[in-house]
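First up is the structure itself, then whatever we jot down about it.
Numbering (the working numbering), first residue to last: 1 to 70.
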């Protein structure tokens, strides 16, 4: 697992996408499990907060498209 520092104004989703290329539900859930105290910083992270990144596959699991006629 890799640790990165936040940049002032980062949201968790932005940081996750910038560092891993993913911000889907499973990637975000893995990140929150590794960083349970991250929510204490609020929706926008201050600068220099250390975040442990989860080890993820490069592509998210395939999502079945939803149609209005399903």
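A virtual CB, placed ideally from N, CA and C, is assigned to each residue, including glycine.
As the structure is a prediction and not an experimental result, all values here were calculated from the model.
Would you kindly work out how many angstroms separate the C-alpha atoms of residue 36 and residue 28, rounded to a whole number? 12 Å
Count the other CB atoms, across all protein chains shown, that sit within 10 Å of the CB of residue 54; report buried if there are 16 or more and exposed otherwise. By the Cβ-count criterion, residue 54 is buried, with 16 or more other Cβ atoms from all chains shown falling within 10 Å of its own Cβ.
Nearest neighbour of residue 52, chosen from 19, 24, 69 [CA to CA]: Of 19, 24, 69, the residue nearest in Cα terms is 19.
Spatially closest choice to residue 1 from 48, 13, 57, 42, by CA coordinates: Among 48, 13, 57, 42, the Cα nearest to that of residue 1 belongs to 57.
The beta strand (DSSP E) spanning residue 32 covers which residue range? It is not in any beta strand (DSSP E) - residue 32 instead sits in the alpha helix (DSSP H) that spans 25 to 34.
Determine which residues share a DSSP beta bridge with residue 38 and list them. Residue 38 pairs with nothing; no bridge assigned.
If we call anything under 8 Å between Cβ atoms a contact, is residue 45 one with residue 11? Result yes, Cβ atoms of residue 45 and residue 11 sit closer than 8 Å.
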